[in-house]
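Q: Pasting a structure here, questions to come.
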Amino acid sequence: MVNEGRGLKISHLVGVALVVGALSWMGWSIYLGRGNLLPPSTWISSVILLVTAALVFAAGLPIRRFLQGRATRTLSPIRAARTLVLAQAAALTGAGVLGFYAAQILLLAPDIDLPSYRALFWRLLALCASAVLLAAAGMATQRMCRIEPRDEDEERDREDEDRR
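Position in the sequence shown (from 1) plus 469 gives the number in our numbering.
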């Protein structure tokens with residue numbers, strides 16, 4: 470629903486990840502500069518992102534079947550529009566989450582020899598990978614919702630057949 474109907478592009482997601490990453494890096498730098506440590510991250514956060522990615526992808530499957538003519542049920546246009554918006558929101562969220570956690574990885578890298586930071590590093594890396602999968606699921610679902618433009622010649626042939 471952005472970019473004059475062409476949808477999100479990878480460049481949009483890269484931009485979001487970079488902006489969020491830069492802002493997070495600045496914020497975490499100030500926080501760490503005051504003598505604080507990075508807060509712990511949990512594995513459950515990765516699981517939540519992965520489940521969300523699976524649900525977003527699953528939401529697009531009925532739309533893909535409908536557009537391919539293989540659907541056994543009718544599809545509400547409102548549902549299709551909502552699925553598209555969900556897909557784009559998931560892609561943008563994945564990019565933002567990636568930037569947020571990647572900034573933390575960059576900040577803890579100099580102290581990776583600390584056992585607690587080493588364990589945190591692996592959790593943050595899993596969160597980054599999960600965020601990438603969420604963004605990918607959003608982009609794939611957006612693609613499932615795409616209606617390809619009709620060929621003008623094909624359209625004229627159909628109009629001619631309708632007139633006969």
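The C-beta atom is built at its ideal place from N, Cα and C for all residues, glycine as well.
1) Spatial neighbours of Ala-549 within its chain, please: C-beta separation below 7 Å, excluding the five flanking residues on both sides.
2) Quick one: what's got a C-beta closer than 6 Å to Ser-410's C-beta in the same chain, skipping five residues either side?
3) Are there 16 or more other CB atoms within 10 angstroms of the CB of Val-485, so buried, or fewer, so exposed?
4) Please name the residue, chosen from Ala-605, Ala-572 and Arg-612, that lies closest to Ala-523 on a Cα-to-Cα basis.
5) I'd like the list of long-range same chain contacts for Met-495, defined as Cβ closer than 6 Å, with 5 residues on each side in sequence excluded.
6) Beta carbon of Thr-610, beta carbon of Phe-526: below 8 Å?
7) Tell me the rounded alpha-carbon separation between Leu-589 and Leu-602.
8) Looking at Leu-593: is its Cβ nearer than 8 Å to the Cβ of Ile-574?
9) Can you name, in chain order, every residue of its own chain whose Cβ lies under 8 Å from the Cβ of Ala-540, other than the five neighbours on each side?
A: Result, derived from the coordinates:
1) As a first step, residue 549 is located in the sequence shown; it is residue number 80 there, counting from the start. Closer than 7 Å at the Cβ level, and outside the excluded window around Ala-549, lie Ile-532 and Cys-614.
2) Here the chain has residues from 470 to 633 only, and residue 410 is not among them.
3) In the sequence shown, counting from the first residue as 1, residue 485 sits at position 16. It counts as buried.
4) Locating residue 523 in the sequence shown gives position 54, where the first residue counts as 1. Ranking Ala-605, Ala-572 and Arg-612 by Cα distance to Ala-523 puts Ala-605 first.
5) Position 26 of the sequence shown, counting from 1, holds the residue named residue 495. Hits under 6 Å: none found.
6) By one-based count along the sequence shown, residue 610 stands at place 141. By one-based count along the sequence shown, residue 526 stands at place 57. Result yes, Cβ atoms of Thr-610 and Phe-526 sit closer than 8 Å.
7) Walking along the sequence shown from the start, residue 589 turns up at place 120. Walking along the sequence shown from the start, residue 602 turns up at place 133. Whole-angstrom Cα-Cα distance: 20 Å.
8) Stepping through the sequence shown from its first residue, residue 593 is reached at position 124. Stepping through the sequence shown from its first residue, residue 574 is reached at position 105. Yes, Cβ-Cβ distance for Leu-593 and Ile-574 is below 8 Å.
9) Along the sequence shown, read from residue 1 onward, the residue named residue 540 stands at position 71. Closer than 8 Å at the Cβ level, and outside the excluded window around Ala-540, lie Pro-531 and Arg-534.
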